[in-house]
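S.K.: Under my numbering, think of the first position of the sequence shown as 6, with each following residue one higher.
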Amino acid sequence: MMKHDFSSRAAAAQAGFSFKPVVLAMHALFAGAVILGALPASTFAAEPLPAAKAAAHKFNIPAGLLSSAIARFVAESGTYVSANGALTDGKHSQGVQGNLSAQDALSRLLAGTGLEAVVQANGSYVLRVAPIVASTLPTVNVISDASSASDLPKPFAGGQVAKASRMGVLGNVDLFDTPFSTQSFTEEFVQDQQSRRVADIISVDPSVRSAMAEYGDSETYIIRGFPLFVNQVGVNGLYGMTEGRRITPEFYERVDVLKGPASMLNGITPFGVVGGNINLTSKRAGDEPLTRVTGSYISDSQAGMHLDLARRFGENKEWGMRLNVLKRDGDTPIAQQDDHMKNAALAIDYRGAKLKASLDVANQDRLTNGYSANINYNQGFALPRPPENDKNFVNDWEYIKTNAKYWMARAEYEFSPAFTAYANYGASEGDEEYFYAGSQARRLTNSAGDFTARAGGFKGSYEVDTYDVGLRGRLMLGDVSNNYAVSYSDFSRKGYGSTVNATGVYTGNIYNTPHLPRPTVNYGVIPQNADLQLSSIGIVNTFGFIDDKVLFTLGVRRQELFSGVFASGVRTKNYDESKVTPAAALLVKLGSYSLYTNYSEGLAQGATAVAGTSNQGAILPPSVTKQVEGGVKYNAGTFGLTAALFQISQPSTYTNSSNLFVADGEQRNRGLELSTFGQPFRGVRLLGGITLIDAKQTKTLNGINDGKDAIGVPKVNVVLNGEYDLFGIPGLTLTGRINAFSSAQADVGNTQSIPRWTTLDAGARYAMQVSGKAVTLRFNVINVTDKSYWNSVSRSFITMGAPRTALLSATVDF
């Protein structure tokens with residue numbers, strides 16, 4: 006078994022890497038991690054630090070995971086604690102507050118856990134199972150590591166990811182019982198990364214990338230080579246609740262990623278998703294009061310303040326309230342650019358023996374002046390080199406302004422373990438306005454960086470109304486367990502918008518952009534331009550054989566798609582289609598290994614025939630994407646390894662020789678994913694891996710481009726995030742991340758591309774006590790070498806990478 010310590014959390018800063026050594030290092034990482042799992046505990050034991058003197062210390066350690074409580078104990082007392090990871094994994098502590106000696110505080114932390122601390126000659130402590138010394142046993146409160154499908158999953162070793170993630174209609178499922186490739190990132194990881202976007206969190210997975218600039222007009226994610234947009238991200242299982250362009254991660258305590266199409270599990274999302282699914286879980290109040298204030302600074306001169314306040318009330322703390330308020334203002338690291346946001350979210354919940362209920366409300370306002378625009382490009386020339394990454398080729402009066410609000414209500418009642426009913430309702434609305442100089446039409450015309458553009462604006466709004474009801478439970482049929490779920494969901498979205506061009510075409514250059522006077526725009530009456538309605542009914546069952554060592558999942562969902570087609574605010578036709586999407590998966594547990602395979606489908610509304618075709622304006626039948634995947638997951642207790650092989654086939658469109666717009670093409674992505682997470686050895690946490698993707702065009706017009714690479718999919722993706730605790734300085738942690746991607750094609754003929762790129766992030770954090778208050782200082786630098794690069798190419802445009810950015814914050818728990 007493995008031995009590790011619980012000093013404060015952190016990561017080794019890393020030097021610069023060329024791309025080839027990074028790939029070699031990843032192979033060494035996975036080979037080394039397997040070896041680590043086989044070594045005896047003593048292999049990881051280092052000389053412990055001297056224990057702190059017996060003087061009293063001020064402790065403020067909340068109830069929670071025992072591993073986290075001991076880490077906090079080490080930081081607050083300076084006393085070293087060593088333990089076998091299997092002893093603490095899944096156990097909880099009631100916490101400790103007050104002025105106590107280190108020995109008394111540690112004893113209270115271990116109360117009810119079945120463990121005891123044994124002092125060593127040098128004053129440190131080692132944890133072991135407490136012996137039974139009396140025939141009459143004391144009462145012990147046992148907190149099971151198991152949880153219901155709706156409970157918040159507990160953190161895995163290291164605290165960066167959770168032990169389970171949301172699997173759509175199935176609810177939360179243990180990572181090693183899930184026959185799909187999933188990951189769930191924790192609130193703790195979000196805080197330590199000083200994440201400003203959801204993209205900052207999920208991009209630690211090498212199969213997930215951000216396709217947009219940090220201060221661009223929106224967030225877009227690429228999962229296994231296919232795009233997913235902000236309005237396709239779920240919140241507590243409902244779609245359409247997020248702000249339409251960018252998401253505030255401070256509102257959420259879990260970020261779940263499911264890789265691969267899964268319409269059966271999640272239902273069809275607005276506008277369809279084929280590469281994966283993202284779900285956010287709202288923060289809820291914990292058992293202990295929380296008053297946490299975080300002040301932050303982002304270079305160039307952007308300051309922020311975040312309040313996180315939580316309380317529980319009632320005789321059994323059945324009522325909870327959690328308030329998050331965030332405000333940021335100031336210039337960004339990019340010239341002529343400033344960003345302003347003021348967001349707030351309130352979550353109220355009730356947790357009874359049988360009934361659980363919650364209410365969430367939120368409001369988000371954001372304004373970015375001089376936002377980082379995407380840039381289109383013509384064909385027939387090599388794409389120009391990227392400009393310096395802190396430069397801006399837009400005018401300072403080009404802006405994007407958004408406002409969004411939502412409210413959600415959920416109720417769940419457990420009649421018995423075999424029968425739980427739930428209902429989930431959400432409503433949202435939002436406004437957005439762009440004022441741009443061709444950001445939607447700025448187009449490169451040559452390798453020298455010249456472009457054409459025209460100034461104009463867009464103004465629009467949307468309204469969403471959605472709900473989800475279902476049944477879920479577990480029952481036994483002889484020796485076979487049955488975890489079943491049935492759900493019905495309904496989604497309605499109305500959109501309004503108007504685009505106005507204010508000037509004629511003008512020219513510029515991305516290295517030397519002219520600064521134009523701000524034109525005026527008159528939008529007039531804003532017409533309706535969208536009416537989307539989705540509904541579905543799904544049923545799924547997981548059969549467990551041989552004491553649940555063999556799990557077979559089978560499900561099917563019937564989905565209805567209805568949308569209006571508008572011209573100048575008038576509905577000209579309707580789109581009304583339906584489709585059945587199945588899924589099947591098998592998982593076999595062999596000791597610490599889980600072997601799995603699955604087949605799943607994704608569903609999206611068919612594309613609209615482009616102008617100039619014989620069927621111009623026609624909407625094609627629903628597009629079905631198919632995935633076959635197989636993999637293995639290894640649970641070493643304190644760290645995990647996963648490997649997955651997958652193939653995703655997605656229909657693609659083109660205009661055939663009869664001038665008809667058809668979906669007879671195909672893109673096929675085949676890939677290998679290798680990932681690691683957790684604590685492979687004492688004081689070190691690793692998160693990330695390597696993904697190899699072979700994305701091909703397999704059915705093209707007259708076979709012209711068959712076998713050529715698909716647009717925008719790097720063949721090699723490497724991301725590795727590391728933390729290293731400095732044992733000599735309790736509370737200090739070093740952090741680092743390497744991001745490396747190979748080149749990506751920019752046109753179907755493979756004559757244009759963006760080059761490969763590698764960046765390094767580094768930082769540190771320090772946890773300490775100041776006047777009896779827990780304080781955490783964090784410092785991160787993004788893109789340490791200030792490399793200029795094209796971040797991505799997607800949907801016929803390219804985006805800039807992030808410049809060197811300094812992030813500082815101080816968090817105080819009052």
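By construction, the Cβ of each residue, glycine as well, lies at the ideal position given by its N, Cα and C atoms. Note that the structure is a prediction, hence the values are computed from the model and not measured.
Could you tell me which of Gly-543, Asn-710, Ser-433 and Gly-462 sits nearest to Leu-476, measuring between CA atoms?
M.R.: Residue 476 sits at position 471 when you count from the first residue of the sequence shown. Of Gly-543, Asn-710, Ser-433 and Gly-462, the residue nearest in Cα terms is Gly-543.
S.K.: Closer than 8 Å is the cut-off here; do at least three beta carbon pairs connect the region 226–240 with the region 280–293?
M.R.: As far as the Cβ criterion goes, the region 226–240 touches the region 280–293, which means the pair count is three or higher.
S.K.: Report all residues from its chain with a CB closer than 7 Å to the CB of Ser-140; omit the five preceding and five following residues, and keep chain order.
M.R.: Translated into the one-based positions of the sequence shown, residue 140 becomes position 135. Its pLDDT being 41, under 50, Ser-140 is placed unreliably in this model, and the value from its coordinates should be taken loosely. Closer than 7 Å at Cβ, skipping near neighbours: no residue.
S.K.: For the beta strand (DSSP E) containing Met-269, name the first residue and the last one.
M.R.: On the sequence shown, residue 269 is found 264 positions in, with the first residue counted as 1. Note, Met-269: premise wrong, no beta strand (DSSP E); alpha helix (DSSP H) at 268–271.
S.K.: Identify, in the order they occur along the chain, each residue of the same chain with its Cβ nearer than 7 Å to the Cβ of Gly-636, setting aside the five sequence neighbours on each side.
M.R.: Here the question's residue 636 lines up with position 631 in the sequence shown. The residues are Ser-186, Tyr-601, Thr-647, Ala-648, Ala-649 and Leu-650.
S.K.: Asn-707 bridges to which residues according to DSSP?
M.R.: Translated into positions along the sequence shown, residue 707 becomes position 702. Answer is none; Asn-707 lacks a bridge partner.
S.K.: Count the other CB atoms within 10 Å of the CB of Ser-3; is the residue buried (16 or more) or exposed (fewer)?
M.R.: In the structure displayed, the chain extends from 6 to 819; residue 3 sits before or after that span and is not available.
S.K.: So, helix, strand or coil for Asp-581, using DSSP?
M.R.: On the sequence shown, residue 581 is found 576 positions in, with the first residue counted as 1. It is a strand residue.
S.K.: To the nearest angstrom, report how far apart Asp-791 and Pro-808 are at their CA atoms.
M.R.: For the purposes of this step, residue 791 is taken as residue 786 along the sequence shown, with counting starting at 1. For the purposes of this step, residue 808 is taken as residue 803 along the sequence shown, with counting starting at 1. So the alpha carbons of these two residues sit roughly 6 Å apart.
S.K.: How far does the beta strand (DSSP E) with Phe-666 in it extend, from its first residue to its last?
M.R.: Locating residue 666 in the sequence shown gives position 661, where the first residue counts as 1. Looking at the DSSP string, the run of the beta strand (DSSP E) that includes Phe-666 is 666–683.
S.K.: Starting from Phe-496, trace the alpha helix (DSSP H) in both directions and tell me its first and last residue.
M.R.: On the sequence shown, residue 496 is found 491 positions in, with the first residue counted as 1. No alpha helix (DSSP H) contains Phe-496, which is instead part of the beta strand (DSSP E) from 485–506.
S.K.: Just grab the DSSP bridge partners of Leu-372 for me.
M.R.: Looking up residue 372 in the sequence shown gives position 367. In the DSSP output, where bridge partners are listed per residue, Leu-372 has His-345 and Lys-406.
S.K.: To test your reading of the DSSP string, which unbroken beta strand (DSSP E) runs of 3 or more residues are found completely within the region 768–818?
M.R.: Within the region 768–818, the complete beta strand (DSSP E) runs of at least 3 residues are 778–787, 795–799, 802–805 and 810–818.
S.K.: Beta-carbon within less than 6 Å of Thr-512's beta-carbon, same chain only, minus the 5 sequence neighbours each way: which residues are those?
M.R.: Position 507 of the sequence shown, counted from the start, is the residue given in the question as residue 512. Within the same chain, Thr-512 has close Cβ partners Thr-457.
S.K.: Cutting at 7 Å between CB atoms, please list the residues of its own chain near Pro-532, excluding the five before and the five after it.
M.R.: The count along the sequence shown starts at 1 and reaches residue 532 at position 527. Closer than 7 Å at Cβ, skipping near neighbours: Tyr-501, Ser-503, Ser-573 and Gly-574.
S.K.: Let me know the secondary structure DSSP gives Thr-144 once reduced to three states.
M.R.: Taking the first residue of the sequence shown as 1, we reach residue 144 at position 139. Any reading at Thr-144 is ruled out, since the residue's pLDDT is 41, under 50, leaving its predicted position unreliable.
S.K.: Locate the alpha helix (DSSP H) running through Arg-77, then write down its first and last residues.
M.R.: Within the sequence shown, the letter at position 72 stands for residue 77. First-last of the alpha helix (DSSP H) with Arg-77: 71–82.
S.K.: Please work out which residues of its chain come closer than 6 Å, Cβ to Cβ, to Ala-507, disregarding the five sequence neighbours upstream and downstream, and give them in chain order.
M.R.: In the sequence shown, residue 507 corresponds to position 502, counting from 1. So the list reads Ala-460, Gly-461, Pro-524 and Val-526, once near-sequence residues are dropped.
S.K.: So, Asn-408 versus Gly-375, is the Cβ gap smaller than 8 Å?
M.R.: Along the sequence shown, read from residue 1 onward, the residue named residue 408 stands at position 403. Along the sequence shown, read from residue 1 onward, the residue named residue 375 stands at position 370. Not closer than 8 Å, so no.
S.K.: For the candidate residues Asn-400, Gly-596, Ile-405 and Ser-421, whose alpha-carbon lies nearest to that of Pro-522?
M.R.: Within the sequence shown, numbered from 1, the residue matching residue 522 stands at position 517. When only C-alpha atoms are compared, the closest one is Asn-400.
S.K.: Just the C-alpha distance for Ala-428 and Asn-368, rounded to the nearest angstrom, thanks.
M.R.: Start at 1 with the first residue of the sequence shown, and residue 428 comes out as number 423. Start at 1 with the first residue of the sequence shown, and residue 368 comes out as number 363. In a straight line, the C-alpha of Ala-428 is about 23 Å away from that of Asn-368.
S.K.: Taking the alpha carbon of Ser-799 as the point to measure from, which residue in Ala-76, Ala-641, Ile-228 and Arg-317 has its own alpha carbon closest?
M.R.: Locating residue 799 in the sequence shown gives position 794, counting from the first residue. Minimum Cα distance to Ser-799 is reached at Ile-228.
S.K.: Any contact between the region 621–632 and the region 261–279? By contact I mean 3 or more CB pairs, one from each, below 8 Å.
M.R.: Judged by Cβ distances under 8 Å, the region 621–632 makes contact with the region 261–279, as three or more pairs qualify.
S.K.: Thinking just about the alpha-carbon of each residue, which of Val-213, Ala-315 and Ile-252 is nearest to the one in Asp-818?
M.R.: Here residue 818 is taken as the residue at index 813 of the sequence shown, counted from 1. Checked all of Val-213, Ala-315 and Ile-252; the closest Cα to Asp-818 is Ala-315.
S.K.: Nearest to Val-570 by CA position, among Gly-483, Asn-785, Ala-623 and Ser-223, is which residue?
M.R.: As a working note, residue 570 is residue 565 in the sequence shown. Comparing Cα-Cα distances from Val-570 to each of Gly-483, Asn-785, Ala-623 and Ser-223, the minimum goes to Ala-623.
S.K.: Quick one: grab the DSSP three-state call for Ile-339.
M.R.: Numbered from 1 along the sequence shown, position 334 holds the residue referred to as residue 339. Three-state DSSP puts Ile-339 in coil, outside helix and strand.
S.K.: On the CB-based measure, 16 or more other CB atoms within 10 Å of its CB, does Ala-453 come out buried or exposed?
M.R.: The sequence position of residue 453 within the sequence shown is 448, counting from 1. Under this definition Ala-453 is an exposed residue.
S.K.: Could you check if Met-413 is buried or exposed, using at least 16 other CB atoms within 10 Å of its CB as the buried criterion?
M.R.: Start at 1 with the first residue of the sequence shown, and residue 413 comes out as number 408. Burial call: buried.
S.K.: Compare the Cα-Cα distances from Gly-708 to each of Gln-672, Gly-733, Phe-686 and Gln-684 and report the closest residue.
M.R.: The residue labelled residue 708 in the question sits at position 703 within the sequence shown. Comparing Cα-Cα distances from Gly-708 to each of Gln-672, Gly-733, Phe-686 and Gln-684, the minimum goes to Gln-672.
S.K.: Could you pull out every residue in the same chain whose Cβ sits closer than 8 Å to the Cβ of Pro-760, ignoring the five residues on either side in sequence?
M.R.: Mapped onto the sequence shown, residue 760 falls at position 755. So the qualifying residues of the chain are Ser-748, Tyr-794 and Trp-795.
S.K.: Since Arg-250 sits in a beta bridge, which residues does DSSP pair it with?
M.R.: For the purposes of this step, residue 250 is taken as residue 245 along the sequence shown, with counting starting at 1. BP columns for Arg-250 are empty, so no partner.
S.K.: Compare the beta carbon distance of Lys-720 and Gln-702 with 8 Å and say whether it is the shorter of the two.
M.R.: Looking up residue 720 in the sequence shown gives position 715. Looking up residue 702 in the sequence shown gives position 697. Cβ atoms of Lys-720 and Gln-702: not closer than 8 Å.
S.K.: Pull up the distance between the alpha-carbon of Asp-553 and that of Ser-72, whole angstroms please.
M.R.: Taking the sequence shown and counting its residues from 1, one reaches residue 553 at position 548. Taking the sequence shown and counting its residues from 1, one reaches residue 72 at position 67. Rounded to whole angstroms, Asp-553 to Ser-72 spans 28 Å at the Cα level.
S.K.: Please work out which residues of its chain come closer than 6 Å, Cβ to Cβ, to Ala-811, disregarding the five sequence neighbours upstream and downstream, and give them in chain order.
M.R.: Mapped onto the sequence shown, residue 811 falls at position 806. Here the set comprises Ser-304 and Val-786.
S.K.: Count the CB pairs spanning the region 208–219 and the region 575–584 that are closer than 8 Å, and state whether there are at least three.
M.R.: With a cut-off of 8 Å, the region 575–584 and the region 208–219 do not count as touching, because too few Cβ pairs lie within range.
S.K.: Please determine, among Leu-263, Tyr-598, Ser-363 and Glu-255, the residue with the shortest C-alpha to C-alpha distance to Asn-5.
M.R.: Any question about residue 5 goes unanswered here, given that the chain covers just 6 to 819.
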